Amino acid sequence: MSVNAELSVMVVEDSAVQRLHALDLLDNLGVKNRLEAENGRHALEVLAVSAKPDIMITDLEMPDMDGVELIRHIAEQHLVNALIVVSSRETTILSTVETMAQEHGLIVLGIAQKPLSYDGLANLIARFRPGEVSDKQREAQYSFTPNDIRRAIINRELVLHHQPKVTTHSGVMRGVEALVRWQHPELGLVPPSNFIPMAEEAGIIDELTDWVLETALKQLRDWHARGLTISVAVNLSAKSLSTPDLADRIAAVTSRIGIEPKYLLLEITETAVMSDLALSLGTLARLRLKGFGLGIDDFGTGFSSMQQLSRIPFTELKIDRSLVHGASEKPHLHVMLQSTIEMGKKLHLTTVAEGVENPSDWQLIRLLGCDVAQGFYVSKPVPGDALAGWLKQGTQHLRPQRPSMG
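Heads up: the sequence shown begins at 40 in the numbering used here, then just goes up one per residue.
Laid out in structure tokens, this is it:
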């Protein structure tokens, strides 16, 4: 296997033997632009007089400046594009460092145990995409005002994409999640994380929620008319839950459009802070009484998980991708994922794994008995009019294979 001949890689490792081994592997892979350093401080000195490398491969335990400090420095100074961490330490520490690097805005291609292998390094380097930026870097590119968002609603620049949710035992689609996007005239398609918080702070989240509900339910009515009887999930902001008439507004728009409440699931983020707990709990109780489903979203990312489950009548538990993706390779994540699924089943909740991105994720959640899967391995979010086409050709790899005869 060879890689892009123009690729440049830096190896930071205090062991001369390990460093030379990594450099030899890179040479065998066809990487000709190689830099090396024996610790973090030395790496910064080399980078000060060298061209910015595409990838840095770094050890963690090094004298003078360790790998953790080095990662912080290269992130703050934007000295590399992507990172591979190599260490012989336990996976919990490596997972912490990986998360830290991502929070600093670095693209982490992966974690490798020592000693490096040819195939392992080749697979990690193959993940590198020239020009790719991390989510943190992308978010920093956007700066919107409340008036920008109001204009987007008025000018009909918002669009809904729908991400399919399929049963793990059969691969059959049981619903979609409606995800709002901003088709910005200059910046292109802007993800919700870059404008929803502003809408919440500016007090216009209710306008945005009303638009999403109306649009999603009309699309659902169209699917039902065509014989596609599925449900749709819509995210609710915690800021909206303390609005006294929210439950009545949702019931009214659902009735007007002609959708039965059981086909609408309202997702509430686990980490959401409810500004008025009494009003919020009353709203959620009324929504369940009216027949709407309630899902706890991003479960596993907050500190009040059990408390939320004990006081809100949820029907669905949605496990965050941070517990799903990579759990097949990380024993501590595997244990946490398994425990969460088992807890959901004991509470008679539908368990949904989000962030299912590859066959390993898919096989693991099936093995652990998770009910529903959502993620790029199933399907990326698609426009409403593209869902039928995806159904015809997009689910074959999810269906159990019948044993061949002969």
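Beta carbons are placed, not taken as given, at the ideal position from N, Cα and C, and that holds for glycine.
Just so you know, these numbers come straight off a predicted model, no measurement behind them.
Asked, Found
"Could you give the DSSP three-state label for I269: helix, strand or coil?", "coil"
"When you compare only the Cα positions, how much space is there between V107 and I164?", "21 Å"
"Distance check for A324 and A238, CA to CA, integer angstroms please.", "25 Å"
"Sorted by chain position, which residues of the same chain lie with C-beta nearer than 6 Å to S276's C-beta, five sequence neighbours on each side aside?", "E239, I244"
"Can you tell me whether Q346 is buried or exposed, with buried defined as 16 or more other CB within 10 angstroms of its CB?", "exposed"
"Sorted by chain position, which residues of the same chain lie with C-beta nearer than 6 Å to I110's C-beta, five sequence neighbours on each side aside?", "A140"
"Can you give me the Cβ contacts of L252 inside the same chain, cut-off strictly under 7 Å, excluding the 5 residues immediately before and after it?", "V273, I289, V292"
"Applying the 10 Å Cβ sphere with the 16-neighbour rule, what's the burial state of H208?", "exposed"
"Output the distance between the C-alpha atoms of V136 and Q432, rounded to the nearest integer angstrom.", "39 Å"
"If you drop the 5 nearest sequence neighbours on each side, which residues of the same chain put their C-beta closer than 7 Å to that of D53?", "E77, N78, D98, M101, P102"
"Got a sec? Which residues, its chain only, sit under 8 Å from T379 by beta carbon, not counting five neighbours each side?", "F338, G339, L356, I358, L362, T390"
"Going by C-alpha to C-alpha distance, which of R260, V198, G214, V215 sits closest to H223?", "V198"
"For I193, does the count of other Cβ atoms within 10 angstroms reach 16, so buried, or fall short, so exposed?", "exposed"
"Grouping DSSP H, G and I as helix and E and B as strand, with all else coil, what is N274?", "strand"
"Looking at the structure shown, is H373 part of a helix, part of a strand, or coil, going by DSSP?", "helix"
"Quick one: Cα of H200 to Cα of V215, how far?", "9 Å"
"Do Q202 and G423 have their CB atoms nearer than 8 Å?", "no"
"Rounded to whole angstroms, what is the Cα-Cα separation between F331 and D284?", "15 Å"
"Give me whichever residues DSSP pairs with T254 in a beta bridge.", "Answer is none; T254 lacks a bridge partner."
"For V374, count the other beta carbons within 10 Å of its own beta carbon; 16 or more makes it buried, fewer makes it exposed. Which is it?", "exposed"
"Are T138 and P370 touching if we call contact CB-CB under 8 Å?", "no"
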